[in-house]
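To start, the structure itself, in structure tokens.
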Amino acid sequence: MNRPAASTSGRRKRSTSFINQFKADGLSIILVSSEMPEVLGMSDRIIVMHEGHLGGEFTREQATQEVLMAAAVGKLNRVNQE
Numbered sequence: 002m003n004r005p006a007a008s009t010s011g012r013r014k015r016s017t018s019f020i021n022q023f024k025a026d027g028l029s030i031i032l033v034s035s036e037m038p039e040v041l042g043m044s045d046r047i048i049v050m051h052e053g054h055l056g057g058e059f060t061r062e063q064a065t066q067e068v069l070m071a072a073a074v075g076k077l078n079r080v081n082q083e
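The following block contains the structure:
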């Protein structure tokens, strides 16, 4: 989904509901967003891109707004080796 929080309040609630239902059903979702609260609130695994390259890969537990922003601007390059 591309930036679900960018829509109106009603659409945002429906998008969030769909995402939560998909997660509950065990489905994967690719969420594209620069809204940190949205990303942190909905994601189990977060991939950050920097200048077209992988800037970092984080579990929800590892991710903070500061860590994600550092990866997004190229100050941190961390890829999980799981």
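When you read off a place in the sequence shown, starting at 1, and then add 1, the result is the number in my numbering.
Cβ atoms here follow ideal geometry from the backbone N, Cα and C, with glycine treated the same way.
Neighbourhood of I48 by C-beta distance below 6 Å, restricted to the same chain and skipping five residues each side: Sequence-distant partners of I48 (beyond 5 residues in either direction) whose C-beta falls short of 6 Å from its own C-beta, in its chain, are E58.
Would you give the residue range spanned by the alpha helix (DSSP H) that R15 belongs to? Here the alpha helix (DSSP H) through R15 covers S10 to A25.
If you drop the 5 nearest sequence neighbours on each side, which residues of the same chain put their C-beta closer than 6 Å to that of D45? Excluding sequence neighbours, D45 sits near R61.
Residue nearest to D26 in terms of C-alpha spacing, selected from L55, S18 and L32: Residue S18 is the option with its Cα nearest to D26.
Cβ-based burial, E39 [other Cβ within 10 Å; buried from 16]: In the assembly as shown, E39 is a buried residue. Its beta-carbon has 16 or more other beta-carbons within 10 Å.
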